[in-house]
Structure formats: C-alpha cells, structure tokens
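To keep things clear, I will list the structure first and then write my remarks on it.
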Amino acid sequence: MLKSAVTLAFAAAMLTCVPAQAQMMKMMPCTDANMMKMQGDVDKMTDASKKEMAMNEMSMAKDSMGKKNDKDCMMHMKKAEDMMPKT
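Heads up: the sequence shown is residues 52 to 138, going by our numbering.
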C-alpha cells in the first residue's frame, strides 16, 4: 500500500514537471549565433514600444549569457521573441 502511494506521488510530481521542461525545450539556446539572429530580428521590429521592451530583454539576455546563466538567458530571449510579430 505504501509503495503504491509513493509511486503515485512520484508520478504526479513528474507530470507537473513535464510542461515546464517542454517549455524549456522550446526556448532558443543561448549561443552567439542565436543572439545575433535575435538581435537582427529585434532591429527589424516596427512597433517602437515592443521593440524597446525586446531590446531590454535582449540586453538582460546578454548579461545573463556573460554570467553563464543559461536559464535566465533563455528566459529573456523567449520574452524578446514573444514580443515579435508572428509571421
């Protein structure tokens, strides 16, 4: 009985981790090439307010990349990407 309860709790915990892990897999890795591509895309944006916010996110992504904090870097790049117009 205890074994099945522990197994059930473990399975429930793993299911809650899957969406977060899937979201991380969709994020662009923090590399110089991806940073340059994103910066080029931000530069092409026409909505001034969104462009400014995206530029701020890219600045924070670059700072995080310099600190070797990939998780924060990817998060900021994702936020910048979300501000771009969908094509």
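Beta carbons are placed, not taken as given, at the ideal position from N, Cα and C, and that holds for glycine. Small disclaimer: the values here were computed from a predicted structure and weren't measured.
Q. Beta-carbon separation of residue 128 and residue 79 under 7 Å?
A. yes
Q | C-alpha distance - residue 106 paired with residue 83, whole-angstrom precision | A | 16 Å
Q.
Since residue 131 and residue 112 should fall inside the 8 Å C-beta cutoff, what is the C-beta to C-beta distance between them, to a whole number of angstroms?
A. Confirmed, Cβ separation roughly 7 Å.
(Q) So, with DSSP's three-state summary, where would you put residue 107? (A) helix
Q) Closest to residue 135 by CA distance: which of 96, 118, 116 is it? A) 96
Q.
Please state the DSSP three-state secondary structure of residue 133.
A. helix
Q) Just the Cα atoms here: how many angstroms apart are residue 86 and residue 124? A) 10 Å
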